[in-house]
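Following: one structure in structure tokens, then a few remarks.
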Amino acid sequence: MTRYTTTDVLICGAGVTGLTLAIELARHGVSFRLIEKRTTPFIGSRGKGIQPRTQEIFEDLGILNKVVAAAGSIPDYEPTVTTEAM
């Protein structure tokens with residue numbers, strides 16, 4: 001037997017954008033269904049920092065402190081420039 005459900009929004013993908021949208025919809029009482037094709041979390045990095053605007057959004061969502069606490073640190077990076085005379 002097929003079971004049907006209704007929802008206001010279907011979110012495809014539980015990445016940063018999908019999860020942020022889910023949090024915001026939940027805050028406003030909008031029903032949603034979040035689907036993700038992966039069965040395990042992505043292990044690795046998709047970015048090396050949290051941009052200031054993203055920090056503002058996370059602060060508004062009430063998750064910035066948790067994200068910062070769970071984040072790793074970025075090792076000091078000393079750029080090097082090599083030039084050759086032509």
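Read in the UniProt record's numbering, the sequence shown has 52 at position 52, and its numbers run on one by one without any break.
No residue lacks a Cβ here, since even glycine has one placed at the ideal position from N, Cα and C.
Take Cys12 as the anchor and find which of Thr5, Phe32 and Thr6 has the nearest alpha-carbon. Phe32
Report the option in Thr5, Ile74 and Gly15 whose CA atom is closest to the CA atom of Thr40. Gly15
Between Ile57 and the ligand MN, is there a pair consisting of the residue's CB and a ligand heavy atom that are separated by less than 7 angstroms? Ligands in the displayed structure: none, and consequently the ligand MN is not present.
DSSP three-state assignment for Phe42, whether helix, strand or coil: coil
Contacting residues, own chain, Cβ-Cβ under 7 angstroms from Gln55 (five flanking each side not counted): Leu64
Output yes or no for whether 8 angstroms exceeds the beta carbon distance between Leu61 and Glu24. yes
Of the listed residues Lys48, Leu10, Arg53 and Thr6, nearest to Leu34 (C-alpha basis): Leu10
Which first and last residues belong to the alpha helix (DSSP H) in which Arg3 is found? Run containing Arg3: none; DSSP gives neither H nor E here.
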